[in-house]
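Engineer: Counting from 123, one number per residue, gives the positions in the sequence shown under the numbering used here.
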Amino acid sequence: MNDVIDLLKSHRSIRKFSDRAIPQELLVELIQAGQGAATSSHVQAYSVIHVKNAANRELIAELAGGQGYVASCAAFLVFCADMKRPTEASERTGAKVVRGMTEQLLVATVDTALMAQNVAVAAESEGLGICYIGGIRNNPQEISDLLRLPKHVYPVFGMCLGYPDHAPEVKPRLPVEAILKEDYYTEDAAQVEAFDTTMRAYYQARSSSNKETDWSHNLKPLFDNKLRPHMRDFLIKRGFEMK
Ligand SMILES: Cc1cc2nc3c(=O)[nH]c(=O)nc-3n(C[C@H](O)[C@H](O)[C@H](O)COP(=O)(O)O)c2cc1C
Numbered sequence: 123m124n125d126v127i128d129l130l131k132s133h134r135s136i137r138k139f140s141d142r143a144i145p146q147e148l149l150v151e152l153i154q155a156g157q158g159a160a161t162s163s164h165v166q167a168y169s170v171i172h173v174k175n176a177a178n179r180e181l182i183a184e185l186a187g188g189q190g191y192v193a194s195c196a197a198f199l200v201f202c203a204d205m206k207r208p209t210e211a212s213e214r215t216g217a218k219v220v221r222g223m224t225e226q227l228l229v230a231t232v233d234t235a236l237m238a239q240n241v242a243v244a245a246e247s248e249g250l251g252i253c254y255i256g257g258i259r260n261n262p263q264e265i266s267d268l269l270r271l272p273k274h275v276y277p278v279f280g281m282c283l284g285y286p287d288h289a290p291e292v293k294p295r296l297p298v299e300a301i302l303k304e305d306y307y308t309e310d311a312a313q314v315e316a317f318d319t320t321m322r323a324y325y326q327a328r329s330s331s332n333k334e335t336d337w338s339h340n341l342k343p344l345f346d347n348k349l350r351p352h353m354r355d356f357l358i359k360r361g362f363e364m365k
């Protein structure tokens with residue numbers, strides 16, 4: 123349809139990177155592209171930590187569940203929801219700030235994700251590959267300590283960036299009919315069933331990590347146990363109290 127839409131539709135996560143470095147000017151440009159994202163009430167409730175320290179990168183790779191590409195990618199960024207900056211700015215004007223509202227957690231997390239996705243798209247437009255790393259929430263307290271994150275800031279996810287050293291196939295997405303509903307919510311089990319057939323074929327045929335499964339079966343570990351049950355207490359401790 124156009125180059126931007128083609129780029130968006132050709133996204134695939136990259137987990138093997140060449141040794142080629144990302145110039146600092148390009149990295150800054152990517153972050154500025156991220157900052158161009160819409161932001162709730164202009165609050166810009168995010169900070170990004172570029173983890174350059176090699177020992178810290180190795181440690182984060184382990185803390186994220188043994189994800190080696192955290193250490194081997196050209197640049198590793200941790201996207202943090204940051205309610206410290208805007209609340210303190212408001213306080214400096216004399217406002218009596220109320221902290222710890224659930225809405226603030228949502229605002230900061232959504233802002234951070236929108237910003238990060240702009241960075242991802244900008245990076246891909248420059249020929250870079252990316253992989254989000256939600257695995258940092260396996261051990262969010264250790265990650266926060268390592269990055270010296272203050273209260274009211276929490277690490278939402280990491281992102282590996284670098285020049286791709288493999289070319290994985292684009293992973294299919296659900297049929298658009300399941301996602302785009304007209305006027306009212308409609309059931310979509312039939313589309314999911316069709317998608318399971320698509321995904322089974324994809325997993326059988328793809329060039330690496332083939333497996334005998336489909337989308338619905340692949341979701342099992344996400345939903346048949348309590349995923350990262352530490353997150354609630356962790357967020358409360360960081361000042362995101364969900365009041
Ligand atoms: C918030 C978020 C966290 C993710 N965390 C990880 C991760 O820790 N490790 C990983 O290898 N991939 C991670 N991914 C990548 C997803 O597995 C991937 O986007 C999904 O399987 C779709 O594949 P694709 O990106 O190649 O289209 C994450 C993606 C998102 C959006």
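Beta carbons: idealized from backbone N, C-alpha and C, even for Gly.
All figures in this text were calculated on a predicted structure; none of them were measured in a lab.
#1: Bridge partners for A143 per DSSP, in chain order?
#2: Can you give me the start and stop residues for the alpha helix (DSSP H) that I127 sits inside?
#3: In the DSSP assignment, what residue or residues form a beta bridge with H172?
#4: Jot down the residue ranges of each uninterrupted beta strand (DSSP E) in the region 263–308, minimum 3 residues, whole runs only, in chain order.
#5: From the DSSP secondary-structure annotation, give me the bridge partner or partners of D336.
#6: Any heavy atom of ligand 1 closer than 7 Å to the beta-carbon of C253?
#7: Please name the residue in T234, D310 and M205 whose C-alpha comes closest to that of Q226.
#8: Following the continuous beta strand (DSSP E) through I252, name the residue where it begins and the one where it ends.
#9: Kindly list the residues whose CB is nearer than 7 Å to the CB of V165, restricted to its own chain and excluding five residues on each side of it in sequence; keep chain order.
#10: With 16 other CB atoms within 10 Å as the buried threshold, where does M281 fall?
#11: In angstroms with no decimal places, state the Cα-to-Cα distance between N240 and L357.
#12: Beta-carbon separation of Y276 and R360 under 8 Å?
#13: Could you tell me if the beta carbon of K138 falls within a distance shorter than 7 Å of some heavy atom in ligand 1?
Structural biologist: According to the data block:
#1: According to DSSP, which records beta bridges pairwise, A143 is partnered with nothing at all.
#2: D125 to K131
#3: L199
#4: 275–284
#5: In DSSP, D336 forms no bridge with anything.
#6: yes
#7: M205
#8: G251 to I255
#9: P208, V229 and D233
#10: buried
#11: 25 Å
#12: yes
#13: no
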